[in-house]
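>
Pasting the structure below:
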């Protein structure tokens, strides 16, 4: 049986004060196993991004708890949550958020150096990841010199540079044409399979969702298997 690396237990999230706060999540439960690629398919406004933010410890739940590698994170202070996030969780967004003044290689090196690796160690791993993503020939190019698909492949490499156990991807192919989206997804899926990452991939692309291990959605603030 595969190890559970992310678990959400009875997660609620309310916004606003007063007698009738907006309830976005209403007792959401979910478990993600090592090496599992799960599609999160839900209409805009149903709480998809909120769910990912809570799972990634970027946002606090109103109630319930998030377990990362078995550790309850809900009552941790901000410093402890930040440490868990840096060590265990990688993020990829619809917009790549690469630093424009740095090369592809440097963008992947920076989070590793922040985590304490030497420049030489960070450069070696960044080069390996770029080669894996078939981007080695673009290592010295800055984001403005890369296509959309190339930028997202660099963003994925950066997200896994510190060897997280969980990858949360929020519409990472949303701005790409279908062919490029498929190529980026194939690269991400191969990475999950070979590294044992556990990944949640939020998408509106049903073709990509059908190629994942599981599909979940949000209905009335709860997570439902599809």
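Residue numbers (my numbering): 29 to 254.
Glycine included, each C-beta is placed from N, C-alpha and C at the ideal position.
Please read these numbers as outputs of a predicted model, since none were measured by experiment.
Can you tell me whether residue 47 is helix, strand or coil according to DSSP?
coil
> Label residue 178 either buried or exposed according to how many other C-beta atoms from any shown protein chain fall within 10 Å of its C-beta, with 16 as the threshold for buried.
buried
> What whole-angstrom Cβ distance do residue 80 and residue 58 have, given they're in contact under 8 Å?
Wrong, their Cβ atoms sit about 11 Å apart, outside the cutoff.
> Which residues bound the beta strand (DSSP E) around residue 134?
Counting along the chain, residue 134 falls outside any beta strand (DSSP E), though it belongs to the alpha helix (DSSP H) covering 132-142.
> Along the beta strand (DSSP E) that carries residue 120, what are the first and last residues, could you check?
117-121
> Tell me whether the beta-carbon of residue 249 lies closer than 7 Å to the beta-carbon of residue 76.
no
> Excluding the 5 residues flanking residue 21 on each side, which residues of the same chain have their C-beta closer than 6 Å to its C-beta?
Any property of residue 21 remains undetermined from this structure, which presents the chain solely from 29 to 254.
> Three-state secondary structure (DSSP) at residue 197?
strand
> Rounded to the nearest angstrom, what separates residue 206 and residue 97 at their Cα positions?
35 Å
> Going by beta carbon distance, what residues of the same chain come within less than 8 Å of residue 204, once the five residues before and after it are set aside?
176, 177, 180, 212
> Based on the DSSP secondary-structure assignment, which residues constitute the bridge partners of residue 213?
According to DSSP, residue 213 bridges with nothing at all.
> Going by DSSP, what residue range makes up the beta strand (DSSP E) through residue 92?
91-96
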